[in-house]
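The sequence shown: position 523 = 523 (my numbering), numbered continuously.
Glycine residues also receive a C-beta, built at the ideal position from the N, C-alpha and C atoms.
These notes are about the structure you will find just below.
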Amino acid sequence: MAKTTGEILVERLIDWGVDTIFGLPGDGINGIFEALRVAQDKIRFIQTRHEESAAFMATSYAKFTGRLGVCMATSGPGAIHLLNGLYDAKLDHAPVLAITGHTFHDQIGMQYQQEIDIMTLFKDVAAYNVMIMGARHAETVVDAACRSALNSRSVAHLTCPVDMQDWTLDEDPKSMKKIPGHTSKNWRPPIVVPHRAQIESAAEVINTGEKVAILCGQGARGAGDELEQIAEMLGAPIIKALLGKDVVPDDSPYTTGGIGLLGTLPSEKAIEGCDTLLLVGTSMPYLKWYPEPGQARAVQIDIDPSRIGLRYPVEVGLAGDAGATLGELIPMLKRKQDRTYFDKIMSYRKEWDDRMQTYQEMQDEPMKPQVLAGTVSKLLKDNAIVTTDSGTITTWAARHIMMRKGMRFSLSGTLATMAPALPYAIAAQAAYPDRQVVAFAGDGSFTQLMGDFVTAVKYDLPIKVVIVKNNYLGQIKWEQIVFLGNPEFAVDLHPIDFAKFAEACGGEGYRCERPDEVRPALEAAFASDKPAIVEATVDQFTPPMPAQATPDQAYKFTKGLLRGQPDGTEIVSTVLKDKIRELI
C-alpha cells in the first residue's frame, strides 16, 4: 500500500533520530496524527495543554540533549501559539522543527475557517520555512528542514494542507524534475578550527596582556576544562554570561560567577580592571557590563562569524568551535607569573560569597527568597537539571543556586520571556527520566502556563517545581521604581494556593513560609516519585539589588518612593536592614 504524506513525514523524522514530539492534536493535522498513532512504538507524542508549552518543551529538549527538538500544532490558532516558544529557540540558538497544519489546498486564499497566512507568520522566526506540497515533496523537505535546524541552530518550519497529508505517493504525480533517492538523513555537526595564523595572532594579544579576563557563554559548553586550564595559566578570572552558568562549575576556584544586573561584584571588578578580554561562545547583550571601549584588547571565539565584534571591539576574531579552538590556542599561551590582578579579584569573590551566605542564613519573617534558593542549591543532586523563569526569580537562581560539575541549567536567556521554567523542566525530565529536574519559578511566570503541570502528572514525569510566591510581578515592580522613578502600578497578583493546585492535578503539594520550614518541605518534595510543587511564601519587599548600585538608580529609587509608592516605608526598612547585616 502506498504511503501517505503524513506517514512519509513521520518515518523521515524517525530516520533522523527524533523520538519525542511535543504538541496538541487538531483537525488541521489529522493526517499526520494518524501516522503518529501507527508509529507510536517508535516515536513518542507528549500532549501538552498549550501549544506555547510545546514549543518551549521542544526548545528545552534541544538545549539539554543537543539534538533536534520537535513541536507540532494545528493550523491557524495552534500555529500562532507556537511562536513565543519558537522565538526563544531562535534567540538562544536551539535547533527546533515546528510542524503545523494548514487549510485545504484548494481553499488557501479563500478566507476559510482558521486560515491565516502561515508562511508569512513564520517567515521571521524560521531559518527554513516550507509548505509540503504532497507525498513526494515530503520525502525531501523533511530532510532539508531537519538539516537546516541543526546547521543553523535555529528554527525550521514545515506546514502541510490538511487534505495533502492523506495523499499517497500513487496519487501524487512526479514532476519531470523529480529524481527519486537524491536526499538523505546524513548529517554531522561541523568541528571548525580557525587558521593557525589567526590563532597565533590571538595568542600574541593574550600573551601581551597583564590583566586577562575571560567571559564565556553557552557556546563554550563542553570546553569548561580548557577554560579552567587557561585561567590557571594566565591568572584570568572566568566570568559567566547567564546562559553559560553551567559551562564552568560555580565552585571552580577560577570563576567569579555571573555578570550583568543580576551578576556578582567580583565579575564587575574583573571587567573594570582587565586590560585584555577573551570572549568565548558569548554575545551577552548588556553593553554596560563590558570594558569601556579602548580599555581592553579583545579576542573573541564564536562558531558564528556574524557575532564576532557584535558587542565589543575585537582585535582578533576566531570563527570556530570553542573546544577545538581553545585546544589549539592553549599551547601558544605563556604562563603569567604575576597573580596580583587575579588575587585581588578573588578577594572580592570571597567577600561576595560571604555576603550571599549572609542572605541565605537570614531567619527573618517574612522569609527571604535567598534562603529558599540557597537551600534548593544544597539539596540538588550532582547531575541535577535546573530551569528557571524571567523575573526577580532569575536573580535568586543566578546568585544562589550553585552549579556543580555535571549539572545543567537553562532559561530563556535572550528572549527573556516569562513561563518557560515549567515546560523546560517537563521536556528535560522526558529526555532524562533518571535525573533530578527542578524548576525554580516565580508565581507570576508559573501561572502563565501552569496548566501543563498536569502534563507532568499524565506522563509520570516527577519534576519538582519550587514557586517563589510574593504575589507580585516583582521584576516589573522594581523596574518601575528603580529604573523609571515611578511608583508601582498593576503589578500585584491575586494569591493562588499552588499546593492545592498540585494536588488537584494529581501531584503533590508542599508549603513553607518560615526559614525553618524550607528544608523539610523541599526534602519531602524531592524525595517523592511524583511531580510536586513547593509553594514558598517570601518577603515581597526584598528587591533584587544590583552588585553595585549606581547614583542614578539610587536617585530614581528614592524618587519612586517619594511619588507615592505603596508600602514605601517597609521597602526602605527592608533594604536598610539587609545592608546593615552585610556590613556586620
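{"Item": "Continuous alpha helix (DSSP H) assignments of at least 4 residues falling wholly in the stretch 54 to 135", "Value": "77 to 92 and 118 to 121"}
{"Item": "Exposure of His157, with buried meaning 16 or more beta-carbon neighbours within 10 Å", "Value": "buried"}
{"Item": "Proximal residues to Thr48 (C-beta, below 7 Å), its chain only, five neighbours per side dropped", "Value": "Phe22, Gly23, Leu24, Ala54, Met57, Asp452 and Thr455"}
{"Item": "Helix, strand or coil at Ser201 [DSSP, three-state]", "Value": "helix"}
{"Item": "Segments of 4+ residues assigned as alpha helix (DSSP H) that fall wholly inside the stretch 155 to 237", "Value": "196 to 208 and 224 to 234"}
{"Item": "Which of helix, strand or coil DSSP assigns to Phe409", "Value": "strand"}
{"Item": "Among Gly444, Gln337, Met72 and Glu479, the one whose alpha carbon lies nearest that of Glu535", "Value": "Gly444"}
{"Item": "DSSP-derived helix/strand/coil call for Tyr424", "Value": "helix"}
{"Item": "Alpha-carbon spacing of Phe33 relative to His81, whole angstroms", "Value": "19 Å"}
{"Item": "Every unbroken alpha helix (DSSP H) inside the stretch 455 to 499 [4 residues or more]", "Value": "474 to 478"}
{"Item": "Under the three-state DSSP convention, the category Asp302 falls into", "Value": "strand"}
{"Item": "Pair within 8 Å by beta-carbon distance, Gly217 and Ala241", "Value": "yes"}
{"Item": "When Ala398, Asn207, Phe483 and Gly323 are compared against Gly224, the one with the closest alpha-carbon", "Value": "Gly323"}
{"Item": "Range of the contiguous beta strand (DSSP E) that encloses Arg44", "Value": "Arg44 to Gln47"}
{"Item": "Close-in-space but distant-in-sequence residues of the same chain around Gly28 (CB under 6 Å, 5 per side omitted)", "Value": "Thr74, Ser75, Gly101 and Val162"}
{"Item": "Identity of the residue in Ile533, Ala527 and Lys42 nearest Ala499 by Cα", "Value": "Ile533"}
{"Item": "Supposed contact pair Ile43 and Val96 - C-beta distance, whole angstroms, cut 8 Å", "Value": "Not confirmed; about 16 Å, so no contact."}
{"Item": "Within-8 Å CB hit, Ile132 to chain B", "Value": "Any reference to chain B falls outside this structure, which holds one protein chain only."}
{"Item": "Same chain only: Cβ atoms within 8 Å of Val141, ignoring 5 sequence neighbours per side", "Value": "Val130, Ile132 and Leu158"}
{"Item": "Exposure of Pro420, with buried meaning 16 or more beta-carbon neighbours within 10 Å", "Value": "buried"}
{"Item": "Bridge-paired residues (DSSP) for Arg297", "Value": "Thr276"}
{"Item": "Reduced DSSP secondary structure (H/G/I, E/B, other) of Val10", "Value": "helix"}
{"Item": "Same chain only: Cβ atoms within 8 Å of Thr264, ignoring 5 sequence neighbours per side", "Value": "Thr256, Gly257, Gly258, Arg349, Trp352, Arg399 and Ala547"}
{"Item": "Limits of the beta strand (DSSP E) - the one that Ala439 falls within", "Value": "Val437 to Gly442"}
{"Item": "Gly109 burial status per 10 Å Cβ neighbour count (16 or more: buried)", "Value": "exposed"}
{"Item": "Among Glu503, Gln111, Tyr472 and Leu415, the one whose alpha carbon lies nearest that of His494", "Value": "Tyr472"}
{"Item": "C-beta atoms of Pro433 and Pro487 nearer than 8 Å", "Value": "no"}
{"Item": "Three-state secondary structure (DSSP) of Lys240", "Value": "strand"}
{"Item": "Touching by the beta-carbon criterion (3+ pairs, under 8 Å), the stretch 231 to 247 and the stretch 358 to 377", "Value": "no"}
{"Item": "At least 3 beta-carbon pairs within less than 8 Å: the stretch 328 to 336 vs the stretch 203 to 210", "Value": "yes"}
{"Item": "Alpha-carbon spacing of Ile385 relative to Asp170, whole angstroms", "Value": "48 Å"}
{"Item": "Residues sharing a beta bridge with Arg339, DSSP", "Value": "BP columns for Arg339 are empty, so no partner."}
{"Item": "Closer than 7 Å: Thr387 CB and nearest the ligand NAD heavy atom", "Value": "Of the ligands one can find in the structure shown there are none, so the ligand NAD has no counterpart to examine."}
{"Item": "Cβ separation of Ala135 and Thr4, assumed to be a contact under 8 Å, to the nearest whole Å", "Value": "6 Å"}
{"Item": "Cβ-Cβ distance between Ile308 and Gln300 below 8 Å", "Value": "yes"}
{"Item": "First through last residue of the beta strand (DSSP E) which encompasses Glu535", "Value": "Ala532 to Thr537"}
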